[in-house]
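Colleague:
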Amino acid sequence: MTRVLVTGGAGFIGSEFVRSMLRTRPLDRVTVFDKLTYSGVRQNLAEVADHPRFSFVLGDICDPVAVDQVMAGQDAVVNFAAESHVDRSIRGAEDFVRTNVMGTQVLLDAALRHRVGRFVQVSTDEVYGSIDRGSWTERQPLAPNSPYAASKAGADLLALACHRTHGLDVVVTRCSNNYGPYQFPEKVIPLFTTRLLNGRSVPLYGDGRNVRDWLHVQDHGRALALVLDRGRAGEVYHIGGGTEISNRELTDLLLTALDADPGLVERVPDRKGHDRRYSLDTEKIRTELGFEPRIPFTDGLAQTISWYRDHRDWWEPLLERAALE
Ligand SMILES: NC(=O)c1ccc[n+]([C@@H]2O[C@H](COP(=O)([O-])OP(=O)(O)OC[C@H]3O[C@@H](n4cnc5c(N)ncnc54)[C@H](O)[C@@H]3O)[C@@H](O)[C@H]2O)c1
Numbered sequence: 000m001t002r003v004l005v006t007g008g009a010g011f012i013g014s015e016f017v018r019s020m021l022r023t024r025p026l027d028r029v030t031v032f033d034k035l036t037y038s039g040v041r042q043n044l045a046e047v048a049d050h051p052r053f054s055f056v057l058g059d060i061c062d063p064v065a066v067d068q069v070m071a072g073q074d075a076v077v078n079f080a081a082e083s084h085v086d087r088s089i090r091g092a093e094d095f096v097r098t099n100v101m102g103t104q105v106l107l108d109a110a111l112r113h114r115v116g117r118f119v120q121v122s123t124d125e126v127y128g129s130i131d132r133g134s135w136t137e138r139q140p141l142a143p144n145s146p147y148a149a150s151k152a153g154a155d156l157l158a159l160a161c162h163r164t165h166g167l168d169v170v171v172t173r174c175s176n177n178y179g180p181y182q183f184p185e186k187v188i189p190l191f192t193t194r195l196l197n198g199r200s201v202p203l204y205g206d207g208r209n210v211r212d213w214l215h216v217q218d219h220g221r222a223l224a225l226v227l228d229r230g231r232a233g234e235v236y237h238i239g240g241g242t243e244i245s246n247r248e249l250t251d252l253l254l255t256a257l258d259a260d261p262g263l264v265e266r267v268p269d270r271k272g273h274d275r276r277y278s279l280d281t282e283k284i285r286t287e288l289g290f291e292p293r294i295p296f297t298d299g300l301a302q303t304i305s306w307y308r309d310h311r312d313w314w315e316p317l318l319e320r321a322a323l324e
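Note that numbering that gives the first Met the number 0 has the sequence shown beginning at 0, numbered continuously upward.
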């Protein structure tokens, strides 16, 4: 029996990970610890709410007392808890530093105290900045551009330092852009999909030529389970989908899939400091852990669009929360 603490498990990726863990790993007990910020949704965990091996604890990873209590008796931690939206970090970075940096340190300290056997820090390709050609390996120096990416880079470095200084069994994963069901409707795919479903315009940043690599959230979850089980302590693993497309191309795919008027695309001034391209070299996780993404982007995107079409009851109440103040 492994007891796994999943922080931020009521969010998009964390909740997929929890649902999948409980489905596929009959010996694991899962505790979600989540503050339920604007992007944390209890309903994301409705499917497992009554599961005998699941429990939910409401709390803030920056609260050392609450974290200490929930950490007692855990064998492993997978830390998803974060402020995760770049645009919000540009408007104000304080919550990002608090949760992403300080909260991660609170978790690391508690994991050390309770002799937790494994700590997976879930991170992002955005910590490397932007790359015009080629791909980053895990040895690439960090050069984040947004406050979000800088706060995630800080957390990665604290986690790795905790391994080197104190010997905590830490593994860091850096993943490319995720998409799939239950993604909060502020991120580009659910934002554009829900707006087009409502016949509204979609705001495309700058010239639309920023390139992102897309990975289905279920593939991310499978990769994280492999890292949890077999990743080497003190190492960083890249997780990528191998599907690089520009935001303009993505927008066209969504317009076509939803049979929407191309005139609904509204060019808006570029995001400040907008990274041009992210690209991860994923050789290490493929050769060491045998990970390959399984869901082709076109299939995953079609399935995701259908999910949003069929789950208005999930996203309509969130639209107000998604609007930037
Ligand atoms: N979405 C992506 O494309 C992507 C890509 C790579 C890495 N990541 C990383 O994956 C993780 C999860 O991302 P997501 O897209 O699911 O984000 P999300 O915003 O959907 O979920 C974040 C969750 O963390 C919780 N949370 C926030 N602050 C907290 C705090 N102080 N204490 C406890 N819980 C708190 C929220 O309530 C929410 O449930 C993040 O660490 C993010 O940096 C995301």
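Idealized CB from N, CA, C, for every residue including glycine.
1. Would the beta-carbon of Ala109 be found less than 7 Å away from any heavy atom of ligand 1?
2. Mind checking His165: buried by the 16 CB within 10 Å criterion, or exposed?
3. Less than 8 Å between the CB atoms is what I'm expecting for Thr192 and Ile12, so what's the real figure, rounded?
4. Confirm, please, whether the CB-CB distance from Phe32 to Val69 is below 8 Å.
5. Can you tell me which of Val85, Val100 and Asp251 puts its alpha carbon nearest to the alpha carbon of Cys61?
6. Quick one: Cα of Ala160 to Cα of Ile294, how far?
7. Return yes when at least one heavy atom of ligand 1 lies under 7 Å from the C-beta of Asn209, else no.
8. Which class does Val115 belong to by DSSP, given the choice of helix, strand or coil?
9. By a C-beta neighbour count over all protein chains shown, 10 Å radius and 16 as the cutoff for buried, is Arg320 buried or exposed?
10. Excluding the 5 residues flanking Ser150 on each side, which residues of the same chain have their C-beta closer than 6 Å to its C-beta?
11. Should Gly240 be labelled buried (16 or more other beta-carbon atoms within 10 Å of its own) or exposed?
12. Looking only at DSSP bridge pairs, what is Cys328 linked to?
13. Which same chain residues, not among the five before or five after Asp274, have their C-beta less than 6 Å away from its C-beta?
14. Would DSSP call Ala75 helix, strand or coil?
15. Pull up the DSSP beta-bridge partners for His215, would you.
16. Whole-angstrom Cβ separation of Ala148 and Thr103, contact assumed at under 8 Å?
17. With a 10 Å radius around its C-beta and 16 neighbouring C-beta atoms as the bar for buried, classify Val66 as buried or exposed.
18. Which two residues bound the contiguous beta strand (DSSP E) that contains Val264?
19. In angstroms, rounded to a whole number, what distance separates the CA positions of Leu300 and Arg112?
20. Straight-line CA distance for Tyr277 to Val210?
Modeller: Taking the structure as given:
1. no
2. exposed
3. Thr192 to Ile12, Cβ: 18 Å. No contact.
4. It is a contact, given that the beta carbons lie within the stated cut-off.
5. Val100
6. If I take the Cα positions, the gap works out to 34 Å.
7. No heavy atom of ligand 1 is found nearer than 7 Å to the CB of Asn209.
8. Here Val115 sits in coil by DSSP.
9. exposed
10. Phe95, Val96, Asn99 and Val100
11. Gly240 comes out buried.
12. In the structure as shown, the chain starts at 0 and stops at 324, and residue 328 therefore has no counterpart that could be examined.
13. Ser129 and Asn144
14. The answer is strand: DSSP assigns Ala75 an E or B state.
15. DSSP lists Tyr178 as the beta-bridge partner residues of His215.
16. About 14 Å separates the two Cβ atoms, so there is no contact after all.
17. buried
18. Unbroken beta strand (DSSP E) run through Val264: Val264 to Val267.
19. 43 Å
20. 7 Å
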